[in-house]
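Have a look at the structure below, then the notes.
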Amino acid sequence: MARSPSCPPRDFSDHGPTRSRPQVDGWPTASNDAIDVMSTAGLLMIAPRWQVVAVLTGVAILLPLLIRAIPRRSKPRGARPRWRVVLPTSAALVAIGVGITGLWALPVPELPRPTGPYDVGTTVREWTDPARPEVATPDPDDWRTVVVQLWYPAQPVLPGVERARYLGGTDQEANTISRGLADYLGVPAVLLDGLPRAHGHAVPDSPVASSGGPFPVVLFSPGLGGIRTQNTAWAEDLASRGYVVAALDHPYDSAVVVLRDDRTITTTVAATGDDAEDERRANGWTDIRAADLRFVLDQLELLNRNPDGFPPAGQLNTRLAAATGHSLGGAAALQAARQDHRFAAIIDLDGFPRDPVSAPLPQPILAVAHPLDSGESPAYLPRLTQVLKLSSKKSCLLTVPGTEHLTFTDAPLFLPPLPSLVGALGRSEGPQLTSNISAVFLDATLKNEGGPGAHLSMYGDLSCYRSGRPLPP
Numbered sequence: 138m139a140r141s142p143s144c145p146p147r148d149f150s151d152h153g154p155t156r157s158r159p160q161v162d163g164w165p166t167a168s169n170d171a172i173d174v175m176s177t178a179g180l181l182m183i184a185p186r187w188q189v190v191a192v193l194t195g196v197a198i199l200l201p202l203l204i205r206a207i208p209r210r211s212k213p214r215g216a217r218p219r220w221r222v223v224l225p226t227s228a229a230l231v232a233i234g235v236g237i238t239g240l241w242a243l244p245v246p247e248l249p250r251p252t253g254p255y256d257v258g259t260t261v262r263e264w265t266d267p268a269r270p271e272v273a274t275p276d277p278d279d280w281r282t283v284v285v286q287l288w289y290p291a292q293p294v295l296p297g298v299e300r301a302r303y304l305g306g307t308d309q310e311a312n313t314i315s316r317g318l319a320d321y322l323g324v325p326a327v328l329l330d331g332l333p334r335a336h337g338h339a340v341p342d343s344p345v346a347s348s349g350g351p352f353p354v355v356l357f358s359p360g361l362g363g364i365r366t367q368n369t370a371w372a373e374d375l376a377s378r379g380y381v382v383a384a385l386d387h388p389y390d391s392a393v394v395v396l397r398d399d400r401t402i403t404t405t406v407a408a409t410g411d412d413a414e415d416e417r418r419a420n421g422w423t424d425i426r427a428a429d430l431r432f433v434l435d436q437l438e439l440l441n442r443n444p445d446g447f448p449p450a451g452q453l454n455t456r457l458a459a460a461t462g463h464s465l466g467g468a469a470a471l472q473a474a475r476q477d478h479r480f481a482a483i484i485d486l487d488g489f490p491r492d493p494v495s496a497p498l499p500q501p502i503l504a505v506a507h508p509l510d511s512g513e514s515p516a517y518l519p520r521l522t523q524v525l526k527l528s529s530k531k532s533c534l535l536t537v538p539g540t541e542h543l544t545f546t547d548a549p550l551f552l553p554p555l556p557s558l559v560g561a562l563g564r565s566e567g568p569q570l571t572s573n574i575s576a577v578f579l580d581a582t583l584k585n586e587g588g589p590g591a592h593l594s595m596y597g598d599l600s601c602y603r604s605g606r607p608l609p610p
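Heads up, the sequence shown is in our numbering, so the first residue is 138 and it goes up one at a time.
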């Protein structure tokens, strides 16, 4: 409709703001900047990890600054003070850099795929020893309880089946264990927030493989403060090769243990600074762990005779059992095998022997060690060599170049890849190497599949002994 001559076009230049949203030649305005920030803030609410939060926070700060820096066809505004640009830009870049570095240094661990022919199942058991009072508490009715996780050869698993968590069986348990580990290590819990999000390759309570059994059993004791899943990659790989691995939580020693009744038990072990007292305490902790290993072997024998048990009766070859462990767990494995000759083989992963070295061992031993720096643990090699020489079976020390104490655990998968911390082999190479070395030894000693010497020597420097005499590899 034509405009009436008596109603000239209105000039809004001298009037207040209109109800319509202002635009500047099609370019975003400050309102659009606010929307961008709010959208990014919304992403922060669902960000899964602190590293992602840091990156998105940096983007939320940087994005409006970049938008404002785009040349506009409108009349330019007056120059903004330099600090109003430099400070937020610097903060944004720092946040993005910290987040990206954090994602690289502290990833959600991705366990290497097991290399054996079997799929892998896992199940958790809690057993109480009525013959041993719990010495860590004053309660006379408190008996020693251990939590054991089994990894075993399983029937073929369908694609898409949910895999077991790396920590615990529920979100709550996983977070409890992660926080307990952080408290034990004295680090902020956010540094280990990738662990509760991780999954392995095993399927919870999957049916046991229908062929190839009965399977030899491998009992594992973790390091001081360690938990049963600290060597999950190793356990899954051995299970895929035809072994049943039983890894222990040692309550009041492991950093944190969640029992079936939801009780959470944190470690009570601590150094005093007095060498003699610390030695006495370490020997006591080793005694308890060795008794735990013997008790678990008892329970596995009972389980193997139970027609209604799981795994089904007859699937475990407890006459072919190995005692293994890392660090203090390696010392416990040596002691358990010395006391209980049902153990047919021993693997000590970088553990200082604490058992009475005057008594001989009738089992073959494989000790795996990282190269020692000058002055590091001067008593370690002499004592370990003495133990190996006391064995009446061929026993060997394998020193693996490029490794550190934590290389023989899952730690390289989720800790910063610093050679001084986790070795120089890479994230997955260390755990896989540990599995390969262990499998060579166990195949030879428990399955009678060739001698281990020639194969082990390809992984490092190998020294072997028997009954006090050195032997060729």
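From the three backbone atoms N, C-alpha and C, an ideal C-beta is built for every residue, glycine too.
Bridge partner(s) assigned by DSSP for residue i
| i | result |
| --- | --- |
| Q286 | V261 and A384 |
| S528 | L498 |
| N454 | P353 |
| T405 | The partner list for T405 (beta bridge, DSSP) is empty, contrary to what the question assumes. |
| A346 | DSSP lists no partner for A346. |
| D127 | As shown, the chain starts at 138 and ends at 610. That puts residue 127 outside it, with no answer to give. |
| L608 | C601 |
| R250 | Beta-bridge pairing links R250 to no other residue. |
| H592 | DSSP lists no partner for H592. |
| H336 | R302 |
| A504 | D485 and L534 |
| A459 | V355 and A482 |
Residue i: first and last residue of the uninterrupted beta strand (DSSP E) it sits in
| i | result |
| --- | --- |
| Y602 | D598 to R603 |
| F357 | F352 to S358 |
| T571 | Taken as a continuous stretch (DSSP letters only), T571 belongs to no beta strand (DSSP E), being part of the alpha helix (DSSP H) at E566 to T582. |
| D485 | F480 to L486 |
| V394 | V393 to V395 |
| I314 | Here I314 belongs to no beta strand (DSSP E); instead the alpha helix (DSSP H) covers D308 to L322. |
Nearest-angstrom Cα separation, counted from residue j out to residue i
| i | j | result |
| --- | --- | --- |
| S315 | P607 | 44 Å |
| T274 | R400 | 14 Å |
| G587 | T252 | 19 Å |
| R250 | H338 | 7 Å |
| P556 | G567 | 11 Å |
| T612 | G410 | Lying before the first or after the last residue shown, residue 612 is absent from the chain, which here runs from 138 to 610. |
| G605 | G539 | 29 Å |
| P554 | E247 | 14 Å |
| L396 | P609 | 47 Å |
| M595 | L570 | 11 Å |
| E513 | S348 | 47 Å |
| L434 | T455 | 7 Å |
| P589 | L503 | 10 Å |
| A311 | R302 | 8 Å |
| L471 | A460 | 7 Å |
| P497 | R186 | 51 Å |
| A458 | L328 | 37 Å |
| L437 | R269 | 18 Å |
| T265 | P296 | 36 Å |
| F432 | S575 | 23 Å |
| S168 | L224 | Reliability fails at S168, whose pLDDT of 42 lies under 50, so the model's placement of it is uncertain and the value that follows must be treated cautiously. So the alpha carbons of these two residues sit roughly 22 Å apart. |
| A407 | A581 | 38 Å |
| A121 | A384 | As displayed, the chain neither begins before 138 nor continues past 610, which places residue 121 out of reach and without an answer. |
Residue i classed as buried or exposed, judged by whether at least 16 other C-beta atoms fall within 10 angstroms
| i | result |
| --- | --- |
| Q500 | buried |
| D415 | exposed |
| Q309 | exposed |
| P267 | exposed |
| P201 | buried |
| A319 | buried |
| D445 | exposed |
| N585 | exposed |
| E541 | buried |
| C601 | buried |
| E373 | buried |
| N443 | exposed |
| H463 | buried |
| S572 | buried |
| H387 | buried |
| R426 | buried |
| S157 | In this prediction, S157 has a pLDDT of 42, which is less than 50 and means its spatial position is unreliable; what the coordinates show is noted afterwards. S157 comes out exposed. |
Assumed close pair residue i, residue j - CB separation to whole angstroms, cut-off 8 Å
| i | j | result |
| --- | --- | --- |
| L103 | L579 | This structure does not reach residue 103, given that the chain is present from 138 up to 610, and the question cannot be answered. |
| L509 | Y517 | 7 Å |
| L439 | V381 | L439 to V381, Cβ: 15 Å. No contact. |
| L430 | S358 | 6 Å |
| R475 | A419 | The Cβ separation is near 17 Å, so there is no contact. |
Alpha helix (DSSP H) segment containing residue i, residue limits
| i | result |
| --- | --- |
| L430 | D412 to R442 |
| P556 | P556 to V559 |
| T100 | In the structure displayed, the chain extends from 138 to 610; residue 100 sits before or after that span and is not available. |
| G466 | L465 to Q476 |
| S377 | T369 to S377 |
Any non-hydrogen atom of the ligand ADP closer than 6 Å to residue i Cβ
| i | result |
| --- | --- |
| F551 | Of ligands this structure carries none, so the ligand ADP is not represented either. |
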